Structure formats: C-alpha cells, structure tokens
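Residue numbers (my numbering), protein chains in the order written: chain H, 1 to 335; chain F, 336 to 670.
Protein chains: 2
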Amino acid sequence: MTVTIKDVSKDAKVSIKTVSRVINNEANVAEETKKKVLVSVKKLGFRPNKSAQSLRSKRSFIIALLYDNPNKSYLADVQSGIFKACKLTGYNLVIQECDYKSPDLNNTILEFVNDLKIDGLILTPPLSDMDDFLKDLDKNKIEYAVIAPSTKKAESLYVSSNDYEAAYKLTSEIIKHGHKQIGFIKGHPKHSASSLRFNGFIDAIVNHSLETNDDWIKQGNFSFKSGFDAGVEIFHSENIPSAIFASNDSMAAGIMKSAQMKGLKIPDDISIAGFDDSPIADEIWPALTTVRQPVEKMANHAAKILMAKFNGIEESNQSKEFKSDLILRESLKTL
Amino acid sequence: MTVTIKDVSKDAKVSIKTVSRVINNEANVAEETKKKVLVSVKKLGFRPNKSAQSLRSKRSFIIALLYDNPNKSYLADVQSGIFKACKLTGYNLVIQECDYKSPDLNNTILEFVNDLKIDGLILTPPLSDMDDFLKDLDKNKIEYAVIAPSTKKAESLYVSSNDYEAAYKLTSEIIKHGHKQIGFIKGHPKHSASSLRFNGFIDAIVNHSLETNDDWIKQGNFSFKSGFDAGVEIFHSENIPSAIFASNDSMAAGIMKSAQMKGLKIPDDISIAGFDDSPIADEIWPALTTVRQPVEKMANHAAKILMAKFNGIEESNQSKEFKSDLILRESLKTL
DNA sequence: TACCCCATTGATATCGTTGTCAAAATACAT
DNA sequence: ATGTATTTTGACAACGATATCAATGGGGTA
C-alpha cells in the first residue's frame with residue numbers, strides 16, 4: 001500500500017541504510033548511488049514515515065509556537081511568518097496557547113515538547129521574558145527562539161525590533177509638528193516593549209527640552225478598553241494635551257473614541273498616535289499615525305534561525321534586530 | 336531514562352499488552368488489574384511515546400486546522416475555540432495555511448494528512464464549500480468537520496450559523512428604525528455566508544414592501560478596501576440611501592471611513608450596519624450595529640464532534656446551527 | 001607486493017508502542 | 001461433574017525508519 005524504504009531499496013538495488021543516507025543527505029554516498037536512489041524515490045513516490053523517523057531519531061520535524069493571548073492580528077502575523085518559513089523546510093507548525101501566570105506552565109510545556117518530540121519553540125511576549133521558564137528550557141536542552149525579548153542574550157536566538165528608537169522618532173516627529181504638550185499611554189507592564197517605548201518617549205521629550213505632565217501619562221495594558229479609560233480620565237480635566245502617544249494602536253483607538261465621544265475633533269482638537277500599524281490603524285477615521293513593525297518578517301526570521309540551528313546550519317544563524325517604519329497619517333496635525 | 340510500557344509492566348507485574356490495554360481504555364480488563372496498572376503508571380510518571388503509538392496504530396492524536404487567509408480576528412477566534420476542545424481531550428493542533436485556488440491543493444493536503452497521520456481536519460470558508468476537495472477527502476477516508484458550509488450535508492459534520500435569519504432580522508431592525516432606502520454591500524462571492532446574508536436582506540426588504548435600488552447594492556469581498564470603494568461609489572452620487580448594511584464589519588468600517596471623508600456624519604446623515612461583531616465594531620466611533628456570531632463556540636463544537644466521531648463516541652456527535660445575536664450600537668439611527 | 005587508510009555499503013539490532021492470536025482463567029449451562 | 005462460552009491475559013510479530021558496527025574495495029605509501 002504505502003511505499004517504504006524497503007521498496008525503494010529493492011528498486012534501486014541498494015541497502016535500506018543507503019536509501020536512508022540519501023534521504024537524510026548524509027555524507028559519504030557515492031554520487032552515482034545517490035542518483036539511482038533519488039530516481040527510485042521519485043518513481044515510487046516515496047515519502048518517509050514521520051512517526052517512524054520520529055520514534056527512532058527523536059526528531060519530529062515539528063516546531064511549536066507558544067503564545068499567551070496576544071493581540072489577534074499580531075498572532076495572525078506571527079503565525080503567517082513562521083508558516084512561510086516552515087513551508088520552505090518541510091517542517092510543520094503546532095500551536096500552543098498557554099497561560100503565563102500558571103504555576104505549572106513549565107511542566108505543561110516540557111511534557112508537551114517531550115510528548116510530541118517538538119524540535120524547537122518560538123516564544124512571543126510575554127513568554128519571551130520569563131527567565132525562569134527559559135532557564136528550564138535550557139536545562140532540558142530544548143531549542144527555542146524568542147520574539148522581542150527585553151534582554152537580548154548573546155547565546156540565545158532572538159528577533160527584536162527597535163522599539164526604543166521608533167518611539168523616540170515618533171515622539172520627535174510629534175514635537176516637530178509643533179506639539180509641546182504630549183501625553184503617553186503605557187502598555188502592559190509585563191511586555192518588554194512597554195518600557196522600551198516609554199523610555200523612547202521620555203528621552204525624546206527631555207532631549208527636546210520639553211516637560212511631561214503626570215496627568216497625561218497613564219498606565220494601560222495594550223487593550224482598547226484601557227486606552228479608552230485613560231482617555232476618559234485625561235479628557236475629564238480642563239487641561240488637556242495637544243497630542244497623545246499611545247503605546248499601541250488598540251489603545252490609540254480607545255483614546256480616539258473617548259475623545260470623539262467628548263466632542264473633540266481629531267486631529268483639530270487633539271492629535272493621536274499609536275504603535276504597531278495594526279489593521280485598525282488604517283480602518284478608522286481619521287487614520288492613525290503609527291509605527292509599523294515587520295512582525296511577519298520577524299517571526300519568519302525567528303523560525304528560520306531556529307530551524308537552521310538544529311539542522312546544524314551556521315550560515316545566517318543570527319539573531320537580528322529589525323527596523324520599524326514611521327507611518328504618518330491623518331491623526332497627527334501640524335500646529 | 337524515559338519510562339516505557341515495559342517498566343510499568345514490570346512494576347505492576349502484568350504483561351506489556353495489559354498495560355497498553357489500560358492506557359487505551361480497552362474493554363475486558365479486570366477492574367483490579369486496571370487499578371494496579373494505573374498506580375504504577377502514576378508512580379513512575381509514565382507517558383506513552385506518541386511517535387511509537389502513531390507508528391503502530393496510525394493515529395497521531397493531532398487534528399489540523401485548514402484555512403485560507405481569513406479575517407485575522409476570525410482566525411484567532413476559530414483557533415481558540417478548537418484549542419479549548421483539544422485541551423480537554425489531549426489532542427494537539429497543527430495549523431495549515433493553504434491556497435484554495437491552487438491546483439494541487441488536494442494533493443498537498445492529502446500528503447500533509449498522510450505524513451503526519453493527522454486524525455481529522457477542520458475547514459473554514461471558503462474551503463468548507465469546495466466540493467471537489469471534500470470529495471477527495473471522503474474518498475481517502477479522511478475525517479473532517481466544516482465550519483459554515485453553504486450546503487449542509489446530513490452525512491458530514493458541520494457547524495453553521497443562521498446567517499440568513501440574522502441578516503433578515505438586522506434588515507428588519509433597520510427598517511423598524513424608519514429606514515426605507517437601504518443599501519447593501521455583498522461579501523466574497525466564494526463564501527457561503529455572502530449569499531445567505533444577501534438573501535436575508537432581500538427577503539426582509541421585499542416582505543416589508545420596500546424596494547431596492549441597484550445603485551446601492553455593491554459587490555465587495557469582505558475586505559476593508561472593498562467596503563471603502565463601494566462607499567466612495569455610493570456617496571459619489573446625489574441620491575444616497577439613509578442606511579447601508581455591509582455584510583461584514585471590515586467593509587462597514589470602510590463605508591464609514593468613506594462617508595466621514597465625504598463629510599457625512601454617522602449616524603445623522605447615514606446609518607451603517609455590519610456583520611460579525613469583530614473587534615473593530617466596538618473600537619470605532621460611532622460603534623457599529625452588527626450581528627455577533629459565536630465563532631469561538633462554533634469552532635469549539637466543530638472540534639468536539641470531530642474528535643468524538645473518530646473516538647467512536649456517538650453522544651453529542653451532532654452537527655449544529657448556532658444562533659447569532661443582534662448588537663445594536665450607535666451607528667444606527669431612528670429616523 | 002604488502003600494508004594501511006578511508007570512502008562506501010550493508011546486515012542487523014533497535015526505538016516503544018499496538019495488533020494478532022492463542023492460552024489461561026472464569027462463568028454458565030446441562 | 002462436564003463441556004462450552006466468555007472474559008482476561010500474555011508471547012511475539014510488526015509498524016518503518018535510523019544507529020551501530022563490521023565488511024568491502026580502491027588508492028596511496030613503503
């Protein structure tokens with residue numbers, strides 16, 4: 001019924017092991033033998049049985065994406081990037097939603113990896129920063145690549161974006177547009193990006209000799225509602241800033257809504273900027289000035305270097321920082 | 336190092352096969368023996384090796400989600416629903432993005448299923464309606480459950496929502512609000528939901544003795560841009576409707592943006608309604624009147640009945656139609 | 001020519017389960 | 001008490017690949 005190595009070996013008149021060597025690209029196979037085998041493989045339509053390979057070699061050709069409830073569009077982009085990398089290498093992707101607050105997160109994941117013989121993991125924030133968890137992975141010799149960690153360890157695989165720099169640039173741009181009174185909505189405290197973006201903001205303010213006002217700096221958690229609530233608080237007072245920089249687009253949308261409900265016109269009465277360039281940024285009116293991170297590309301790279309690593313390929317086996325782009329849209333007005 | 340069945344069998348003083356029987360919940364194991372084995376399993380922390388199980392039994396305890404570029408938040412909801420079902424049963428989920436237009440879609444998927452010994456598939460639109468593809472799955476005895484198919488076949492597993500009825504209700508509600516001139520933006524022609532929603536709209540119009548105007552009925556494809564373009568066309572003319580019902584929220588947001596850019600006030604100058612209650616519906620201003628489908632629950636149910644089927648459980652092994660809720664928000668005005 | 005080295009190949013054990021089939025133990029009927 | 005049916009159990013093969021290690025053969029060196 002199904003074609004096995006044995007069938008191929010008979011057809012090619014070589015031993016089973018030699019066929020195995022060829023399909024695994026092992027060294028020391030005569031060029032001619034290799035050709036013969038490949039012809040038979042093609043002719044018979046042989047495809048190795050992954051379960052058998054996995055059982056014997058302890059590799060599954062599966063990588064897993066671990067995430068804890070991120071933004072939906074972010075997740076979709078990450079997935080899509082990983083997926084494209086998998087397609088090239090023939091790997092498969094299994095996804096695992098997990099609870100970063102769970103006390104047995106570590107065990108759950110170790111069991112999961114062990115059960116499926118997962119070859120490697122890709123972690124998204126906030127998992128990227130759970131040192132305790134990462135150490136456990138190291139201890140168990142589980143390969144992984146992290147997306148957007150707060151501390152970039154030289155010995156581990158990661159991809160990151162220049163959040164600090166991008167926030168600094170966007171803030172500078174807001175200032176260039178003539179704004180002197182600028183509010184800021186912070187992101188989820190557990191996400192490394194939050195503090196990076198905030199620091200970029202603050203440093204830009206200071207370097208341009210402006211001042212911040214604590215009433216205009218609110219703690220959010222990246223959700224629409226937290227942005228909305230922050231907006232309600234800010235607009236409740238008499239003294240409102242001329243621009244607000246929210247550390248992601250969902251919160252920026254929240255701010256916009258609260259402003260519009262209050263009767264404020266955007267950008268005439270107040271300018272708004274976000275971060276991420278998520279779909280909503282361009283689908284609301286006025287469209288949001290924001291920062292675009294190449295999320296899909298980052299995830300793609302993470303998957304590539306991860307797979308390169310456990311395939312022993314050193315070339316391009318490099319962690320990398322990606323650059324974000326400023327996207328100027330209608331929500332930012334020149335004063 | 337790792338605990339195998341053999342270890343358990345020694346510890347429990349039974350044969351290997353008996354242990355296998357216990358962990359697979361097979362019949363005809365004496366109650367006392369079963370207990371003994373379970374004690375040993377627990378004591379030693381035994382976990383069956385999935386690769387070996389899969390190799391021998393041709394089952395992988397993996398199901399796969401197939402999708403082709405759906406809306407990001409839809410995808411996330413579907414995934415999440417499936418995921419919760421998997422957690423209960425110990426199954427794992429692998430995802431597979433595919434191209435429904437590709438000529439070798441069928442082969443790609445068959446190979447994928449065969450390679451990983453995938454136990455079953457869950458299909459989202461527009462794959463749910465590709466009869467040719469489904470027939471190929473049937474022919475190869477691959478189990479699957481479809482989400483929102485256009486034709487509900489009694490012999491296959493599906494979950495659906497009452498799109499027709501919901502569109503009818505929402506249209507009636509718009510009419511009740513005093514609107515007599517109502518536009519409609521159709522969805523992606525390949526998605527079954529598109530025609531159902533359109534039919535619901537038309538029938539409501541007719542049953543309320545109203546008339547449609549072809550200038551106000553535009554073909555879209557569920558994307559923001561297609562909604563935006565449709566809006567631009569409609570608002571370009573002198574004669575505009577008092578309300579527009581877009582068959583999903585992204586397109587509704589597109590309409591809103593085009594209206595607002597034209598200087599039209601929502602809902603004072605024009606009312607807008609969408610469908611799906613995607614995140615954007617509540618994050619724009621004014622918030623969108625729409626229809627909420629229990630997407631996550633639907634996907635959850637699809638996964639459950641799928642797994643129940645190949646586990647031979649007949650109970651609750653039923654396809655099901657889910658009800659959607661009308662969500663009335665600010666974008667709809669009473670005339 | 002004799003010897004060694006290294007590239008190439010193959011025979012066989014092995015990974016950890018489940019399937020097959022028959023044996024043993026028990027229950028039931030006569 | 002005996003025979004039959006049924007439940008319970010186990011020995012061993014099988015799934016389809018890779019790992020180990022030894023065998024083979026050609027080339028180079030002394």
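Note that beta-carbon positions come from the ideal geometry of N, C-alpha and C, so glycine has one too. Because the structure is a prediction, the values reported are computed rather than measured.
Going by the CB atoms, is the gap between residue j and residue i shorter than 8 angstroms?
| i | j | result |
| --- | --- | --- |
| Ala483(F) | Ala528(F) | yes |
| Ala608(F) | Ala578(F) | yes |
| Asn583(F) | Asp611(F) | yes |
| Ser331(H) | Pro294(H) | no |
| Leu210(H) | Ile240(H) | no |
| Lys333(H) | Ser258(H) | no |
| Tyr91(H) | Met307(H) | yes |
| Ala588(F) | Phe557(F) | no |
| Leu65(H) | Ile95(H) | yes |
| Leu373(F) | Asp346(F) | no |
| Ala230(H) | Ile255(H) | yes |
| Phe245(H) | Phe322(H) | no |
| Leu456(F) | Ile477(F) | yes |
How would you label residue i, buried or exposed, when you count the other beta carbons within 10 angstroms and need 16 or more for buried?
| i | result |
| --- | --- |
| Ile118(H) | buried |
| Ser237(H) | exposed |
| Gln53(H) | buried |
| Thr171(H) | buried |
| Thr2(H) | exposed |
| Gln219(H) | exposed |
| Asp325(H) | exposed |
| Thr289(H) | buried |
| Pro405(F) | buried |
| Thr88(H) | The sequence given here has Leu at residue 88(H), not Thr. Its Cβ having fewer than 16 others within 10 Å, Leu88(H) is exposed. |
| Asp77(H) | buried |
| Ala27(H) | exposed |
| Lys407(F) | buried |
| Lys470(F) | exposed |
Tell me, to the nearest whole angstrom, how far the beta carbon of residue i is from that of residue j; I am working on the premise that it is less than 8 angstroms.
| i | j | result |
| --- | --- | --- |
| Thr353(F) | Thr339(F) | With a Cβ gap of about 14 angstroms, Thr353(F) and Thr339(F) do not count as contacting. |
| Gly187(H) | Ala166(H) | About 13 angstroms separates the two Cβ atoms, so there is no contact after all. |
Less than 6 angstroms between C-beta atoms, sequence neighbours within five positions excluded: which residues of the same chain meet that for residue i?
| i | result |
| --- | --- |
| Pro126(H) | Tyr100, Lys190 and His191 |
| Asp163(H) | Ala193, Leu196 and Arg197 |
| Val41(H) | Val8 |
| Val481(F) | Leu458, Ser463 and Tyr493 |
| Ser319(H) | Leu157 and Tyr158 |
DSSP three-state call for residue i: helix, strand or coil?
| i | result |
| --- | --- |
| Tyr426(F) | coil |
| Arg627(F) | strand |
| Asp129(H) | helix |
| Leu55(H) | helix |
| Gln79(H) | helix |
| Val338(F) | coil |
| Val364(F) | coil |
| Ser491(F) | coil |
| Gly518(F) | strand |
| Ser20(H) | helix |
| Ala483(F) | coil |
| Ala64(H) | strand |
| Phe645(F) | helix |
| Glu173(H) | helix |
| Ser195(H) | helix |
| Lys407(F) | helix |
| Leu472(F) | helix |
| Gln318(H) | coil |
| Leu332(H) | coil |
| Glu294(F) | Lying outside 336 to 670, the shown extent of chain F, residue 294(F) is not represented and no answer is given. |
| Ile109(H) | helix |
| Leu264(H) | coil |
| Asp119(H) | coil |
| Phe557(F) | coil |
Using a Cβ-Cβ cutoff of less than 7 angstroms, which residues in the same chain neighbour residue i once the five nearest sequence positions on both sides are dropped?
| i | result |
| --- | --- |
| Asn140(H) | Leu110 |
| Phe133(H) | Leu105, Asn106 and Leu127 |
| Val22(H) | Val29, Lys34, Val37 and Leu38 |
| Ser355(F) | Ile340 |
| Gly562(F) | Ile520, Gly555, Ala581, Ser585, Met586, Ala587, Ala588, Gly589 and Ile590 |
Give me, in chain order, the residues of the same chain whose beta-carbon lies closer than 8 angstroms to that of residue i; leave out the 5 immediate sequence neighbours on both sides.
| i | result |
| --- | --- |
| Leu335(H) | His177, Gly178, His179 and Ser242 |
| Asn300(H) | Gly81, Ile82, Lys84 and Ala85 |
| Asp269(H) | Ala259 |
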